[in-house]
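A.B. asks: 1 is the number of the first residue of the sequence shown in full-length UniProt numbering; add one for each residue after it.
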Amino acid sequence: MEQQYQLSPFTRISLYPDAKALQVECEGFVSSATYRNLMLRGLELIKAYGINYVVYNKKILAPLTPDDHDWLAEEMLPQLFTTSLQKVAIIEAQGGLDHLTLRNMVYAPYLSLSFEVQYFDEVSVALEWFKQEEASTINVTTEMPVEKSSG
1 MEQQYQLSPF
11 TRISLYPDAK
21 ALQVECEGFV
31 SSATYRNLML
41 RGLELIKAYG
51 INYVVYNKKI
61 LAPLTPDDHD
71 WLAEEMLPQL
81 FTTSLQKVAI
91 IEAQGGLDHL
101 TLRNMVYAPY
111 LSLSFEVQYF
121 DEVSVALEWF
131 KQEEASTINV
141 TTEMPVEKSS
151 G
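1) What does the alpha-carbon distance come out to for the pair Asn37 and Gln23?
2) Flag this pair as yes or no: are the beta carbons of Ile51 and Lys20 separated by less than 7 Å?
3) Measure the C-alpha to C-alpha separation of Ser14 and Lys47 and round it to an integer number of angstroms.
4) Using DSSP with H/G/I as helix, E/B as strand and the rest coil, what is Ile51?
5) Whole angstroms is fine: what's the gap from Leu80's alpha carbon to Leu43's?
6) Give the secondary structure of Ala73 by DSSP, where H, G and I count as helix, E and B as strand, and everything else as coil.
7) Using CA atoms only, rank isn't needed, just tell me which of Leu127, Leu40, Glu25 is closest to Met76.
Structure below.
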């Protein structure tokens, strides 16, 4: 059963406890405080529900500020390393410049992550990647709605 958390008009978290999955979405420009609150709430839910899979949908999010990149790398990621997280799917527009920035500024300082990270342009493809886990894993495609492709 899905649980929704609308943290602002432009941010939302969808929790799927049975699938051990979480989807975080941002739209347009959001302030640093709003972005950080969204990410911290997601972290709380990951810890509380033993979440294994996260879809971070930033397809229509404006690029993050350098300060937010630093915060993500220095404050948020180390906390995520201590969770049950196994896979993070980042959804973004094809050719998004923020993809390179996120990879170079946030993940580059870490030689290895405690979870896998992949970039996708559609949620449905990310869900297929999640399904590649062991056969005993709950079928996340039946638990999470698939984003309709607009073109």
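Beta carbons are placed, not taken as given, at the ideal position from N, Cα and C, and that holds for glycine.
C.D. replies: In short, the structure shows the following:
1) Taking the straight line from one Cα to the other gives about 15 Å.
2) Between Ile51 and Lys20, the CB-CB gap stays under 7 Å.
3) Going by the C-alpha atoms only, they are around 15 Å apart.
4) It is coil, neither helix nor strand.
5) For Leu80 and Leu43, the distance between alpha carbons rounds to 7 Å.
6) If DSSP states are grouped into helix, strand and coil, Ala73 belongs with the helices.
7) Here the closest residue by C-alpha is Leu40.
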